[in-house]
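Residue numbers (my numbering), protein chains in the order written: chain A, 1 to 436; chain B, 1 to 189; chain C, 1 to 280. Heads up, the beta-carbon is just placed ideally off N, CA and C, and yes, glycines get one too. Note that the structure is predicted; figures quoted are calculated from it, not measured. Take a look at the structure below.
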Amino acid sequence: MSFPWAKHYEPTTDVGKWIDSRLPLPRLIYDSVGAGYPVPKNLNYFYNFGVLAGVALVVQIITGIILAMHYAPNTGLAFNSVEHIMRDVNSGWMLRYMHAVGASFFFIVVYLHIFRGLYYGSYKPPREVLWLLGMVIYLLMMATGFMGYVLVWGQMSFWGAAVITNLFSAIPIVGDAIHTWLLGGFSPDNATLNRFFSLHYLLPFVIFGVVILHVWALHIPGSNNPTGVDIKGPQDTVPFHPYYTAKDFFGLGVYFTLFAIVVFYLPNSLGEPDNYIPANPLSTPAHIVPEWYYWPFYAILRAFTVDFLWVPAKLWGVLAMFSAILLLFFLPWLDKSPVRSNTYRPLSKLFFWILVVDCLILGLCGAKPAEEPWLRISQLAAAYYFAHFLIILPIISRIERPLPLPKSISEAVLTNAGHSVEAARAAVAAVPQPAA
Amino acid sequence: MATDQAHVSAAGELTESGERRRDFIYIATGAFAAVGAATVAWPLVNQMNPSADVLALASIDVDLSAIKPGQAVKISWRGMPVFARNLTQAEQDAANKVAVSSLRDPQTLAERTKEGHANWLITMGVCTHLGCVPLGAGEGEFKGDFGGYFCPCHGSQYDTAARIRSGPAPTNLVVPEYAFKSPTSVTIG
Amino acid sequence: MGRLIAFLAPFAIGGVFVLALIVGALMPRDAVTPDATKAHFEEAKHVSFKSDGAFGTFDRAQLQRGFQVYQEVCAACHSLNQVAFRDLAALGFTPAEIKAIAKKNDQPTIDEKTGDAATRPGLPSDKFYGPYANDVAARAANNNALPPDLSLMTKAREHGNRYVYSLLTGYTNAPADWKVPAGLHYNPYFKSINIAMPAPLTSEGQVEYTDGTKPTVDQMSKDVTAFLIWTAEPKLVERHKTGFGAVIFLLIMTGLGYLSYRRVWAEIKYKTKKGEVASA
């Protein structure tokens, strides 16, 4: 919100002026997502995913509140209440599938959003806090998703809860106490289910609050862009409305179309059949697998099979799994390159794509049973993951030679239109700059 | 101004103030979005209406064969009590003797029972004053001065046709929708 | 000093994790004995049902036949505790027929006078409770095996539709290299090969169909599987119908959205020095 050429909100109606002088909410909207917020004009479709994530959150909250009107958070009733929703509640089947599929779509969109940030250096100064808030949102999403899945109280709900809460007992000295405290007992039971329901209802609103901080933190420096070069003047930007409202509306159309196809035609494709079996504490499923958005971390957890340096393998797995997420918080300080965008960082770009492939491999391994050859592949893929962020990035960000950067966004845009760099520079120079 | 020219922000022609003309495509898109929003909103509201299992219990069959003349039973229907009473001839006569115009809520016994089944008095067991369950249906319960039902909460008294005779209740006990399936069984609701 | 630690810490931490993983990767693996169960296991047969695909629907006549097979064969041991008798209206049964079906299926209750466990005839609002009072009784009657509830079976197994059909038609004699324990039966479509349930559909004509369809074992298996697809997903047809409308609507709306987007952006991106427009 520090662009001098940004349009200013001028209420024209009496009602508008009355509200503006008492609680300037329309002004806030105008300044943040209206015609008063300048945005780089060269954003590509990878910049749609933030808004899509926000919409996905709203869809989850609305469908979730409605489902909570019909769900019973008690071990004797939960599974049947979900079937009651599917069979007897008006449009219940649709609401349940929207919520379950919606969670997967929320994660798809957030992963694309995160990888966009990794590629274009959106975590670099002055956007470090923006990145940290995003990581907090991601952690909250993982907790919320995990607890939501338990609420069904199917076989995978129960055994997934058993496995994940068991991880905490790997912590030395206090592990067992924490484990019992989390469960409210000695194995997942009614106490666990009830508190997971309470927290599952609460956390999305916490996420919503952090999202507001996240957008606020973004609007201070303004959006990054595919060149990574800062905004120099009005020729580099367009007002958010109508340009990005129009583009986001189109993006939403694509999102909802894909969402509808899965909800109405492939609703169980991203789930596990075992969760249609009521939970049985006396019978373990052949393969315990979490939902697909946890698979890479599940692979990392199970990749540690040897006791190493006096630390038992189980504890290594737990430490590594949590570290894999926590190291992302340090990314702005691990990657020291003054160049933001991988467009101009050929070495970093190469390793970025290796990372993408590596994460997909880890995801595949997380879905498979913990046997060969998946175990060895997990170990090598996990090794690359840690090496990438903790060893490779710190080194190459200091030694690589980036490509020459464009002088401005406009220059890059006009160059892309098929003109020479000189002609582009001349075109940009011909535009009068506002007084600095 | 050069700045405006550098990023002409209109599609189609500009009006004098430089604002965008409302193109048909925007109106069509907006209309579609509005219709979509309304279509999605309906299931979100309708899900709060009674679900199929609740609607299935909206109607119950009651077997009256075990109720002897002079006896009554309490039935649970839609979560509320219903009194099914087999009136004796004496009770029917007592109800018919009352001058209808003197009643707070004028109704004859015939209006409150089914043709050919004048002995079967089926009413809600909910006092029309403030909703308590009156006494008189169970074996040995106090039936009040008029031989029908007595509400202990504020003293409303109903006669053998379950009509309000004294006390604060404004109207007679409600007769629910019901029909005889056979001489000894009714469907309520 | 702090700077130095901050610089070295990532390498140390990363190095430790990488080393632990590489050591684990290099460890020799124990010899794995080949799993005989996996060797005998067969993927579900390929079979299609009217409900398959985006335009799938239910064949009411088939569902009624399948229900008849369930009632006459499967209901002896298996419950359908998510399905209410009133749900059978979707198969085309009249309220009177539903009442009659319900009456034949007892429900647990307590004796009004003594408080002892008792049974009462079912009402349309009741569910297919099954023949056993509880799991203990079910196991006692079946050599300690628990006949699972079938309401969700086609969603509770990998490729559930094909799985149920394959299981029912998949009973064969055990090959020479496989020993079937006493009381169990060989079925390669079952995950652990030895299944407690004996082949339920063994001979043609086990169930007499009233609509003239030939009741071969294959036909009965298909019909009861189709019925179980319905019990697991009674809203399938409604879901497909709603989806069709929703996707068509959204495709149009997305198209309009795209046109609007292009309109809004028409002159923005590329403007040459001469003032000519070269849009995206």
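Checklist line | Terminal residues of the beta strand (DSSP E) in which B/Met-80 lies | finding: Walking along the second sequence from the start, residue 80 of chain B turns up at place 80. In the DSSP assignment, B/Met-80 falls within the unbroken beta strand (DSSP E) covering 80-86.
Note to self: Between which residues of its own chain and A/Ile-300 is the CB-CB distance below 6 Å, once the five residues before and five after are set aside?
What the structure shows: Here residue 300 of chain A refers to the residue found at position 300 when the first sequence is read from its first residue. Non-local beta-carbon contacts of A/Ile-300 in its own chain, meaning distances under 6 Å to residues more than five positions away in sequence, involve Ala-320, Met-321, Ala-324 and Ala-382 in chain order.
Check: How about C/Ser-260: is its C-beta nearer than 7 Å to some C-beta of chain B?
Finding: For the purposes of this step, residue 260 of chain C is identified with residue 260 of the third sequence, where counting begins at 1. Yes, its Cβ sits closer than 7 Å to a Cβ of chain B.
Item checked: Below-7 Å beta-carbon distance, A/Ser-420 vs any chain B residue -> For the purposes of this step, residue 420 of chain A is identified with residue 420 of the first sequence, where counting begins at 1. Not an interface residue.
Next item on the list: Within its chain, find whatever has a CB closer than 7 Å to the CB of B/Thr-113; leave out the 5 residues flanking it on each side and keep chain order.
Entry: Here residue 113 of chain B refers to the residue found at position 113 of the second sequence. Answer for B/Thr-113: Trp-120 and Leu-121, listed in chain order.
Notebook entry, point to check: Do we get a CB-CB distance below 7 Å when we pair B/Tyr-26 with the residues of chain C?
Noted result: Residue numbering aside, residue 26 of chain B sits at position 26 when the second sequence is read from its first letter. Among the residues facing chain C, B/Tyr-26 is included, as its CB has a counterpart in that chain under 7 Å away.
Item checked: Closer than 7 Å at the beta carbon, the chain B residues around A/Leu-95 -> Here residue 95 of chain A corresponds to residue number 95 of the first sequence, with the count starting at 1. Against A/Leu-95, the close residues of chain B are Gln-47, in the order they occur along the chain (beta-carbon pairs closer than 7 Å).
Next item on the list: Pull up the CB-CB distance for A/His-219 and A/Tyr-47, whole angstroms please, since I reckon it's below 8 Å.
Entry: As a working mapping, residue 219 of chain A is identified with position 219 in the first sequence. As a working mapping, residue 47 of chain A is identified with position 47 in the first sequence. Taking the Cβ atoms as the reference, A/His-219 lies roughly 14 Å from A/Tyr-47, outside the contact range of under 8 Å.
Notebook entry, point to check: the segment 391-413 of chain A: which residues have C-beta closer than 7 Å to a C-beta of chain C, in chain order?
Noted result: Here the close residues are Ile-391, Pro-394 and Val-413.
Next item on the list: Thinking C/Val-73 and C/Leu-201 are a contact (beta carbons under 8 Å), I'd like their distance in whole angstroms, please.
Entry: Working through the third sequence from its first residue, we reach residue 73 of chain C at position 73. Working through the third sequence from its first residue, we reach residue 201 of chain C at position 201. Their Cβ separation, rounded to whole angstroms, is 7 Å, which keeps C/Val-73 and C/Leu-201 in contact under 8 Å.
Notebook entry, point to check: Using a beta-carbon distance below 7 Å, is C/Gly-92 in contact with chain B?
Noted result: Along the third sequence, one-based indexing puts residue 92 of chain C at 92. Chain B, which has no Cβ nearer than 7 Å to the Cβ of C/Gly-92, makes this no.
Check: Taking Cβ-Cβ distances shorter than 7 Å, what residues in chain C pair up with A/Gly-253?
Finding: By 1-based counting over the first sequence, the position of residue 253 of chain A is 253. Using a Cβ-Cβ cut-off of 7 Å, A/Gly-253 is close to Leu-250, Met-253, Thr-254 and Gly-257 of chain C, given in chain order.
Margin query: With a threshold of 7 Å between beta-carbons, can C/Val-23 be considered close to chain F, or not?
Written below: Of the protein chains in this structure, namely A, B and C, none is chain F.
Next item on the list: Using the Cα positions of B/Cys-132 and B/Ile-164, report the straight-line distance between them to the nearest angstrom.
Entry: What you label residue 132 of chain B is simply residue 132 of the second sequence in a count that begins at 1. What you label residue 164 of chain B is simply residue 164 of the second sequence in a count that begins at 1. Note on geometry: alpha-carbon atoms of B/Cys-132 and B/Ile-164 lie some 14 Å from one another.
Checklist line | Sufficient close CB pairs (3 or more, under 8 Å) joining the segment 180-195 of chain C to the segment 59-76 of chain C | finding: The segment 180-195 of chain C, when compared against the segment 59-76 of chain C, does not touch it at the 8 Å Cβ threshold.
Item checked: contact_flag[the segment 28-37 of chain B, the segment 83-101 of chain B] where n(CB pairs < 8 Å) is 3 or more -> Segments in contact, no.
Item checked: C/Leu-4 CB to nearest heavy atom of the ligand GTP below 6 Å -> Here there are no bound small molecules, and the ligand GTP is not part of this structure.
Next item on the list: Using three-state DSSP, classify A/Val-89 as helix, strand or coil.
Entry: Residue mapping note: residue 89 of chain A aligns to position 89 of the first sequence, counting from 1. In the structure shown, A/Val-89 sits in coil (DSSP, three-state: anything other than H, G, I, E or B).
Check: Residue range of the beta strand (DSSP E) that B/Gly-148 falls in?
Finding: Taking the second sequence and counting its residues from 1, one reaches residue 148 of chain B at position 148. Unbroken beta strand (DSSP E) run through B/Gly-148: 147-150.
Note to self: Taking its Cβ as the centre, do 16 or more other Cβ atoms sit within 10 Å of A/Val-356, making it buried, or is it exposed?
What the structure shows: Residue numbering aside, residue 356 of chain A sits at position 356 when the first sequence is read from its first letter. By the neighbour-count rule (16 or more Cβ atoms within 10 Å), A/Val-356 is not buried but exposed.
Next item on the list: Would you give the residue range spanned by the alpha helix (DSSP H) that A/Ala-313 belongs to?
Entry: Within the first sequence, numbered from 1, the residue matching residue 313 of chain A stands at position 313. That run of the alpha helix (DSSP H) goes 313-326.
Next item on the list: Step through the CB atoms of chain C and report whether any lies within less than 7 Å of the CB of B/Phe-180.
Entry: Working through the second sequence from its first residue, we reach residue 180 of chain B at position 180. Between B/Phe-180 and chain C, the shortest Cβ-Cβ separation is not below 7 Å.
Notebook entry, point to check: Using a C-beta cutoff of 7 Å, does B/Thr-29 count as contacting chain C?
Noted result: The residue given as residue 29 of chain B occupies position 29 in the second sequence. The beta carbon of B/Thr-29 falls within 7 Å of a beta carbon belonging to chain C, placing the residue at that interface.
Notebook entry, point to check: Straight-line CA distance for A/Gly-117 to C/Met-153?
Noted result: Mapped onto the first sequence, residue 117 of chain A falls at position 117. Mapped onto the third sequence, residue 153 of chain C falls at position 153. A straight-line Cα-Cα distance of about 43 Å links A/Gly-117 and C/Met-153.
Notebook entry, point to check: Around the Cβ of B/His-117, are there at least 16 other Cβ atoms within 10 angstroms (buried) or fewer (exposed)?
Noted result: Residue 117 of chain B sits at position 117 when you count from the first residue of the second sequence. Taking all protein chains in view, the Cβ of B/His-117 is surrounded by fewer than 16 other Cβ atoms within 10 Å, so the residue is classified as exposed.
Note to self: Contact criterion: CB-CB distance below 7 Å. Does B/Ala-56 meet it with respect to chain C?
What the structure shows: The residue given as residue 56 of chain B occupies position 56 in the second sequence. Cβ-Cβ to chain C under 7 Å: yes for B/Ala-56.
Item checked: Boundaries (first-last residue) of the beta strand (DSSP E) holding B/Met-124 -> Mapped onto the second sequence, residue 124 of chain B falls at position 124. It spans 120-124 - the beta strand (DSSP E) in which B/Met-124 sits, taken as one unbroken run.
Notebook entry, point to check: What number of angstroms, rounded off, separates the C-alpha of A/Ile-62 from the C-alpha of C/Gly-243?
Noted result: Position 62 of the first sequence, counted from the first residue, corresponds to residue 62 of chain A. Position 243 of the third sequence, counted from the first residue, corresponds to residue 243 of chain C. In this structure, the CA atom of A/Ile-62 is about 20 Å from the CA atom of C/Gly-243.
Checklist line | Where B/Phe-32 meets chain C, residues with beta-carbon distance less than 9 Å | finding: Start at 1 with the first residue of the second sequence, and residue 32 of chain B comes out as number 32. Within chain C, the residues near B/Phe-32 are Phe-249, Ile-252, Met-253, Leu-256 and Gly-257.
Margin query: For the pair the segment 339-352 of chain A and the segment 117-132 of chain A, tell me if three or more CB-CB distances fall below 8 Å.
Written below: With a cut-off of 8 Å, the segment 117-132 of chain A and the segment 339-352 of chain A count as touching, because enough Cβ pairs lie within range.
Check: Taking B/Asp-93 as the reference, which of B/Val-175, B/Asp-159 and B/Glu-141 has the closest Cα?
Finding: Along the second sequence, one-based indexing puts residue 93 of chain B at 93. When each option's Cα is compared against that of B/Asp-93, the closest is B/Asp-159.
Next item on the list: Kindly indicate if chain C contains any beta-carbon less than 7 Å away from that of A/Leu-380.
Entry: Translated into the one-based positions of the first sequence, residue 380 of chain A becomes position 380. So yes, A/Leu-380 belongs to the interface.
Notebook entry, point to check: In chain B, which residues lie with their C-beta within 9 Å of the C-beta of A/Asp-176?
Noted result: Here residue 176 of chain A is taken as the residue at index 176 of the first sequence, counted from 1. Simply none; closest approach about 43 Å.
Next item on the list: Return the CA-CA distance between C/Val-180 and C/Ala-196, expressed in angstroms with no decimal places.
Entry: In the third sequence, the residue the question calls residue 180 of chain C occupies position 180. In the third sequence, the residue the question calls residue 196 of chain C occupies position 196. Here the alpha carbons of C/Ala-196 and C/Val-180 stand approximately 11 Å from one another.
Notebook entry, point to check: beta strand (DSSP E) containing A/Arg-127: first to last residue?
Noted result: Looking up residue 127 of chain A in the first sequence gives position 127. Unbroken run through A/Arg-127: none, as it is neither H nor E.
Next item on the list: Leaving out five residues on either side along the sequence, give the residues of the same chain with a beta carbon under 7 Å from the beta carbon of C/His-204.
Entry: Walking along the third sequence from the start, residue 204 of chain C turns up at place 204. His is not the amino acid found at residue 204 of chain C; the sequence shown has Glu there. Only Pro-215, Thr-216 and Val-217 meet the Cβ criterion.
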